[in-house]
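Input: a single structure, listed below in structure tokens.
Spelled out as structure tokens, the structure:
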């Protein structure tokens with residue numbers, strides 16, 4: 004039973020990947036939303052308390068700030084999830100095949116809106132969401148279309164979250180909620196993106212599936228396929 008951030012990271016490294024906000028899809032999550040109610044073991048872990056040691060909501064940004072071996076983004080069922088570095092290339096390979104962004108775009112696998120968003124992000128090492136909107140002129144675009152593009156690019160493992168920052172006013176003072184920082188996957192883990200191009204998509208798929216069944220022998224085939232391929 005995980006009781007703090009460090010134990011969560013250790014368990015995640017052991018497992019390789021996990022849904023980020025519970026296991027309602029029937030695959031696997033280290034921390035479920037209602038796990039305290041399901042367990043007889045006393046644990047301080049509780050969602051949305053703001054405690055960085057025991058609040059899983061805080062851990063998603065902590066892993067990006069403090070770890071170099073864990074990625075976090077909307078990668079599973081258009082929802083959040085964690086993937087550790089040893090498994091990252093296999094997920095890229097399973098999702099993209101042996102393609103980079105340019106190949107996927109040429110083959111019509113990227114929508115025009117997603118391409119426009121990717122173009123802005125790829126010009127910089129990393130950009131907060133509010134700056135992506137501003138630099139790309141997306142502020143006047145239907146927010147649902149913009150959000151859909153951001154999610155699509157994460158699901159295709161072309162961009163990923165890499166931190167969070169608060170907005171600043173003209174006086175340099177911080178205000179408001181944190182803004183998620185996005186970067187390309189190649190910028191986040193270049194070596195893993197390059198490695199993915201050398202792997203076999205079927206072998207990567209089978210490798211991930213085998214690990215899923217170790218973590219959850221009851222996972223349904225249809226859910227496994229969607230989990231892996233996006």
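Residue numbers (the working numbering): 4 to 233. Yeah, the Cβ is synthetic: ideal placement off N, Cα and C, and Gly gets one too.
Identified DSSP bridge partners for residue 164: The partner list for residue 164 (beta bridge, DSSP) reads 185.
Buried versus exposed, by CB contacts within 10 Å (16 or more), residue 49: Exposed, since its Cβ has fewer than 16 Cβ neighbours within 10 Å.
Residue 186 versus 34, 166 and 73, residue with shortest Cα-Cα distance: Of the listed residues, the one whose Cα sits closest to residue 186 is 166.
Coarse secondary structure for residue 87, derived from DSSP in three states: Note: residue 87 maps to strand in three-state DSSP.
Residue 129 - DSSP class collapsed to helix/strand/coil: DSSP places residue 129 in coil when its eight states are reduced to three.
Three-state class that DSSP yields for residue 77 in the structure shown: In the three-state DSSP reduction, residue 77 falls in the strand class (E or B).
DSSP state of residue 169 mapped onto helix, strand, coil: Secondary structure at residue 169: strand, using DSSP grouped into helix, strand and coil.
The segment 213-231 contacting the segment 18-31, beta-carbon criterion three pairs below 8 Å: The segment 213-231 makes contact with the segment 18-31, as at least three CB pairs between them are under 8 Å.
Nearest-angstrom beta carbon gap, residue 199 and residue 95 [assumed within contact, 8 Å]: With 8 Å as the limit, residue 95 and residue 199 qualify as a contact, their Cβ atoms being about 4 Å apart.
Buried/exposed call for residue 180, threshold 16 Cβ in 10 Å: Residue 180 comes out exposed.
Whether residue 164 touches residue 15 by CB criterion (8 Å): It is not a contact, given that the beta carbons lie outside the stated cut-off.
Coil, strand or helix - residue 196 by DSSP: Residue state, collapsed to three classes: helix.
For residue 56 and residue 62, the rounded distance between their alpha carbons: Rounded to the nearest angstrom, the two C-alpha atoms are 8 Å apart.
Proximity to residue 208 [Cα-Cα], best of 231, 70, 173 and 194: Of 231, 70, 173 and 194, the residue nearest in Cα terms is 231.
As assigned by DSSP and simplified to three states, the class of residue 142: DSSP places residue 142 in coil when its eight states are reduced to three.
Proximity below 8 Å, CB of residue 118 to CB of residue 211: Contact flag unset, no.
Beta-carbon proximity list for residue 138, same chain, < 6 Å, skipping 5 on both sides: Excluding residues within five positions, the ones whose Cβ falls inside 6 Å are 123.
Three CB pairs or more closer than 8 Å across the segment 140-150 and the segment 98-107: Too few Cβ pairs lie closer than 8 Å, so no.
Span separating the alpha-carbon of residue 228 from that of residue 173: Spanning the two alpha carbons is a distance of roughly 48 Å.
Runs of alpha helix (DSSP H) lying entirely within the segment 7-66, each at least 4 residues, in chain order: As far as the segment 7-66 is concerned, its whole alpha helix (DSSP H) runs of at least 4 residues are 8-18 and 38-41.
Enclosing alpha helix (DSSP H) for residue 232 [first to last residue]: DSSP places residue 232 in the uninterrupted alpha helix (DSSP H) bounded by 224-232.
Distance between beta carbons of residue 188 and residue 153, contact taken as under 8 Å: Beta-carbon to beta-carbon, residue 153 and residue 188 are separated by about 14 Å, too far to satisfy the 8 Å threshold.
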